[in-house]
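Notes to accompany the following structure.
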């Protein structure tokens, strides 16, 4: 079989042994696997030929991009890895239509830079942006910090091209905003973690690049107050809020100990610390007046003023420079670093309705105190979209105890009609959760769809579907 | 079998003969069908019981709502119609979470009114809003005039509940903004026209209700200029444009003849007539100054000013009162009336990329002149989302000639990577187009999914899938 794959991509681009070392693990370092081989196709036709050959042989395939997933979805023991990294052309940026036609191997930051040169923005952003690739973040339906304003990955995709498990090319490469011609297979492929096919290209939505930002650290009275403030700022700013990130008091204290040069966000420590950022494309919002005042910042300050009067807001610091803004973001983006100060760690990437985040945290903290009184935890949350990263530092090293803790937290999530995997996906690490928590009819429908499109089960087997 | 269905919903709610007359046709009047019976279940459990019984008997089911579809998707010859009209509760409106929990039988205008009382808005709107129901507009993935700002129906849905062809209840009733736990079955059910199951309830996204509107008729030099103006107004207003609707010169002339009291939009007739509307939630945008000037309107006028200087805009009238605004909208919303002045009619609901609408119209007009030199046509288009309603008044009464015309227009659409059904869906009227134009791999995948979830083919058979 290797000869067949080699004939398709060429000697140089079929890697085995040492050449394939990079694909034996991923960014989490938790995977240890030995792929059969790694093929690096040059175009969609080569991907289709590889899949057709693998299908005929019943050979398992694992599609791979930047290897930055957090759930082990690219683990490839004995599989043919199809790496999309050579298919990295930005084929077209359509200025007036505000769309970009890209191949699956384009790295997110490269796309950011290419469109920003045109005064546009592809607003998806998150920690792995320097390595993750289009095919990967589409297959994961990645989230990040700007979901509040611009939606998840799937909301930014107009068209896709994918190679189905049969080897057929699903050509949905249209830049359309309206298209009601059949089942929405685009949304089915997005977030399917490569189990239904390999995304090879996409047409992405672009937005105008903000000319001005206004960024602040806020100390609302509690999370209920934070949501009221968010909604009001959103309304009074005409929907300019791009991010609204929650960090509890212990998080900012831990961070200040690691980075004393950045200090604490407020003179008096606060239990609720919120990073809120507005972005505006309005020209006058970015033109400082004779007093040097930036209008967007002044307006943000004026909006915040009334919440002090109402007692919803206890403290606020609005960034007066790009340097101050960067410190605020550095604090938030250090989430993995802060959580990494202790080990072992049990991560929980959950989502609940935005008006019930406080309830979730209260209940999770209570469960934690009961299940493992010696445990600690670290929280950051996307307040605008209900996504809570609730990392537990368990008192015990016993994996069974850890799973018991995950189950206890899932009990709360399920009771609250939340999600046990908000933005990271399922991969292999969340298969247990999927088996015990997913609505049975949904799981049945997923299995039926998988069997219908991939009857031999060659496409990223053992992932997502328990 | 009727006794089984009767036992489930009760004597009163199983209709046959005269009682079922309403369901023998739809709002287009083109359908003539005799259903086996019409069941009007009270809740999801009754829907599930009906579907389970029908499945056991191999009985075809047609789900029905407000019967306002335009493609014959509720035609029900010999079928058990399951009408969702009694399941019409607005279960909950969550103010801070900005979501509404609704049943499938809720009429769109009732939802509009209910949420507007709370200062919120459900921004989906189109002509049939007074009759269409949640289950129907979700199953059609309805579009309308505000897609530009708020997206299609699917972009406004957080969660759904549906009864699958097996009778199982697919419970995805969550109000989450992030949820990466498996295939997105929500998006698969939305727009499936009832062929994969019956949507029984949904969690919908709400947005803050605009406090002020600014509405204008614009005469851009051409459609390219119109898009540049739209993009610039969008940017300079911070994304406040809610609608951008195109009417060619002959359309506004026809309308003026029918409604002389409303007159023409401009003193000098213009070839390109665009209705543009901004909506703002910013408080100061709606507070008139001492001179009575509304800030949003003044700002809109200021933004438009520079396009005159650049030669992109030839004329503009900004509405100075609600009455003027209503006339502008009445002209646009009379599209069906204007198209209805001649018959027969061949409708084409197509979409192309937003920067290629002019190209489509030029090519379609040329084809029309060639295929049927005696034909006329009427156009309205959603300039912000690329959707063109291109209605032909053919010179001939021969249906074969009409189909030839549709094919000729589809040739252009397919060549431009457009959609042959932008917002109306497929139903039965577009089955031919689907068979000859849909990407073969996509059609194959759709058929496989349909067979997997509905092996007996009982759910709205003969619709969408050729």
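Residue numbers (full-length UniProt numbering), protein chains in the order written: chain A, 1 to 466; chain B, 1 to 466. C-beta atoms are modelled at their ideal positions from N, C-alpha and C, and glycine is treated no differently. Computed from a prediction, not measured in an experiment: that's the story for all the values here.
Are the C-beta of residue i and some C-beta of chain A separated by less than 7 angstroms?
i, result
"residue 208/B", "yes"
"residue 92/B", "no"
"residue 181/B", "yes"
"residue 192/B", "yes"
"residue 379/B", "no"
"residue 83/B", "no"
"residue 201/B", "no"
"residue 396/B", "no"
"residue 421/B", "yes"
"residue 386/B", "yes"
"residue 452/B", "yes"
"residue 171/B", "yes"
"residue 164/B", "yes"
Write down the C-beta distance between residue i and residue j rounded to the nearest angstrom, noting that I regard them as a contact closer than 8 angstroms.
i, j, result
"residue 272/A", "residue 244/A", "Going by Cβ atoms, the distance from residue 272/A to residue 244/A rounds to 12 angstroms, so no, they are not a contact pair."
"residue 408/A", "residue 371/A", "5 angstroms"
"residue 437/B", "residue 410/B", "6 angstroms"
"residue 176/B", "residue 418/A", "7 angstroms"
"residue 203/A", "residue 98/A", "Contact flag wrong, Cβ pair sits at about 11 angstroms."
"residue 80/B", "residue 37/B", "6 angstroms"
"residue 51/B", "residue 198/B", "7 angstroms"
"residue 85/B", "residue 40/B", "6 angstroms"
"residue 224/B", "residue 403/B", "No, residue 224/B and residue 403/B are not in contact; Cβ-Cβ is about 32 angstroms, not under 8 angstroms."
"residue 212/B", "residue 280/B", "5 angstroms"
"residue 380/A", "residue 246/A", "7 angstroms"
"residue 72/A", "residue 31/A", "6 angstroms"
"residue 293/A", "residue 269/A", "With 8 angstroms as the limit, residue 293/A and residue 269/A do not qualify as a contact, their Cβ atoms being about 30 angstroms apart."
"residue 333/A", "residue 136/A", "With a Cβ gap of about 20 angstroms, residue 333/A and residue 136/A do not count as contacting."
"residue 90/B", "residue 108/B", "The pair is not a contact, with the Cβ atoms about 12 angstroms apart (cut-off 8 angstroms)."
"residue 319/A", "residue 216/A", "7 angstroms"
In chain A, which residues lie less than 8 angstroms from residue i when you measure between Cβ atoms?
i, result
"residue 418/B", "174, 176"
"residue 168/B", "440, 441, 444"
"residue 155/B", "151, 155"
"residue 133/B", "Those do not exist, as residue 133/B stays about 17 angstroms from chain A at its closest Cβ, beyond 8 angstroms."
Does the beta carbon of residue i come closer than 7 angstroms to any beta carbon on chain B?
i, result
"residue 161/A", "no"
"residue 410/A", "no"
"residue 425/A", "yes"
"residue 141/A", "yes"
Who are the neighbours of residue i on chain A, taking C-beta pairs under 9 angstroms?
i, result
"residue 146/B", "The contacting residues do not exist; residue 146/B stays about 12 angstroms from chain A at best."
"residue 281/B", "234, 235, 236, 237, 238, 239"
"residue 188/B", "183, 184, 185, 187, 188, 445, 449"
Taking residue i as part of the beta strand (DSSP E), name the residues at either end of that continuous run.
i, result
"residue 201/B", "198–205"
"residue 164/A", "Here residue 164/A belongs to no beta strand (DSSP E), and DSSP marks it neither H nor E."
"residue 262/B", "Where residue 262/B is concerned, there is no enclosing beta strand (DSSP E), given that its DSSP letter is neither H nor E."
"residue 215/B", "212–220"
"residue 313/B", "313–318"
"residue 276/B", "272–280"
"residue 351/B", "349–351"
Residue i lies in the alpha helix (DSSP H); which residues open and close that run?
i, result
"residue 253/B", "249–258"
"residue 328/B", "322–333"
"residue 109/B", "108–116"
"residue 449/A", "440–453"
"residue 433/B", "431–437"
"residue 5/B", "2–9"
"residue 139/B", "134–140"
"residue 190/B", "Neither: residue 190/B is in no alpha helix (DSSP H) and is coded neither H nor E."
Please list, in chain order, the chain B residues whose beta carbon lies closer than 7 angstroms to that of residue i.
i, result
"residue 481/A", "Residue 481/A falls outside the range modelled here, since chain A spans only 1 to 466, and no answer is possible."
"residue 286/A", "Simply none; closest approach about 12 angstroms."
"residue 464/A", "182"
Going along chain B, which residues have a C-beta under 9 angstroms from residue i?
i, result
"residue 204/A", "Under the 9 angstroms cutoff, chain B gives no residues; its nearest Cβ is about 13 angstroms from residue 204/A."
"residue 434/A", "181, 182"
Contacting positions in the segment 226–246 of chain B - beta carbon closer than 8 angstroms to chain A:
Listed by position, the residues of the segment 226–246 of chain B near chain A (Cβ gap below 8 angstroms) are 227, 228, 231, 234, 235, 236, 237, 238, 239, 240.
Pull out every residue of the segment 88–122 of chain B whose Cβ sits closer than 9 angstroms to any Cβ of chain A, in chain order.
Taking 9 angstroms as the Cβ-Cβ cut-off against chain A, the residues of the segment 88–122 of chain B that qualify are 94, 95, 96, 97, 98, 99, 119.
Tell me which residues of the segment 16–32 of chain A have at least one Cβ-Cβ distance to chain B shorter than 8 angstroms, keeping chain order.
Within the segment 16–32 of chain A, no residue has a Cβ that lies closer than 8 angstroms to any Cβ of chain B.
Name the residues in the segment 339–355 of chain A whose C-beta lies less than 8 angstroms from a C-beta of chain B; which are they?
Of all residues in the segment 339–355 of chain A, only 351, 352, 353, 354, 355 come within less than 8 angstroms of chain B when Cβ atoms are compared, listed by chain position.
Which residues of the segment 256–271 of chain A have a Cβ closer than 8 angstroms to any Cβ of chain C? Give them in chain order.
This model lacks chain C altogether; the protein chains it does include are A and B.
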